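Q: Numbering-wise, numbering that gives the first Met the number 0 puts 129 at position 130 of the sequence shown, and it's gapless, one number per residue.
Ideal Cβ positions, reconstructed from N, Cα and C, are used throughout, including at glycine.
Here the structure is a predicted model, which is why all the values come from computation and not from measurement.
Below is a structure I'd like to ask you about.
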Amino acid sequence: MNVNVRSMYLMIKTFLPKYVYIYYVLFSFLGVVNRCVYSTSKAAVIGLTKSVAADFIEQGIRCNCICPGTVDTPSLRERIEARPDPEQALKDFLARQKTGRMCTAEEVAHLCVYLASDEAAYVTGNVHIIDGGWSL
Numbered sequence: 000m001n002v003n004v005r006s007m008y009l010m011i012k013t014f015l016p017k018y019v020y021i022y023y024v025l026f027s028f029l030g031v032v033n034r035c036v037y038s039t040s041k042a043a044v045i046g047l048t049k050s051v052a053a054d055f056i057e058q059g060i061r062c063n064c065i066c067p068g069t070v071d072t073p074s075l076r077e078r079i080e081a082r083p084d085p086e087q088a089l090k091d092f093l094a095r096q097k098t099g100r101m102c103t104a105e106e107v108a109h110l111c112v113y114l115a116s117d118e119a120a121y122v123t124g125n126v127h128i129i130d131g132g133w134s135l
């Protein structure tokens, strides 16, 4: 809760009205085994997102969050390699991806750029899922 919720609150408190945050909260939509507290903290971030959007909309400040599925990052690759059977661990990650592949950081970045752009000037208080169909 400190990392996933309190950190968001403290960042918002420090930077508003200069900054609109984007956070990753897919686990709030899925019932994932062994992720009860983690998923709860992510759901709290959605409530925080909607509340900040409502509180600051009249000042022209937008607040959205992004919910990616599994993103292929160096950190994820390190965690996979640390497993007893890295090859099987990779297969397990890919098996839950309906697209047959993991998301790239660039794909998430494209959504971030859109939400930060003038083209998204009318978008606030929303949850944007980019998970390749994992949450279907």
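#1: Can you pull the DSSP bridge partners for T48?
#2: Just how far apart, CA to CA, sit G131 and K12?
#3: Go through its chain and collect everything with a Cβ distance to L47's Cβ below 6 Å, but skip five positions before and after it.
#4: Which class does T72 belong to by DSSP, given the choice of helix, strand or coil?
#5: Which same chain residues end up closer than 8 Å to R82 when comparing Cβ atoms and leaving out the 5 residues on each side of it in sequence?
#6: Quick one: residues in its chain with C-beta nearer than 8 Å to the C-beta of T72, no 5 flanking neighbours on either side, listed in chain order?
#7: Pick helix, strand or coil for T123, following the three-state DSSP scheme.
A: Let me spell this out:
#1: Locating residue 48 in the sequence shown gives position 49, where the first residue counts as 1. T48 is not bridged to any residue.
#2: For this step, residue 131 is matched to residue 132 along the sequence shown. For this step, residue 12 is matched to residue 13 along the sequence shown. Cα to Cα, G131 sits roughly 33 Å from K12.
#3: Counted from its first residue, the sequence shown places residue 47 at position 48. Excluding sequence neighbours, L47 sits near M7.
#4: Taking the sequence shown and counting its residues from 1, the one referred to as residue 72 is at position 73. If DSSP states are grouped into helix, strand and coil, T72 belongs with coil.
#5: Translated into positions along the sequence shown, residue 82 becomes position 83. The residues A88, in chain order, have a CB closer than 8 Å to that of R82 in the same chain once the five nearest residues on each side in sequence are set aside.
#6: Reading the sequence shown from its first residue, position 73 is the one you call residue 72. Around T72: A104.
#7: Here residue 123 refers to the residue found at position 124 of the sequence shown. Three-state result, T123: coil.
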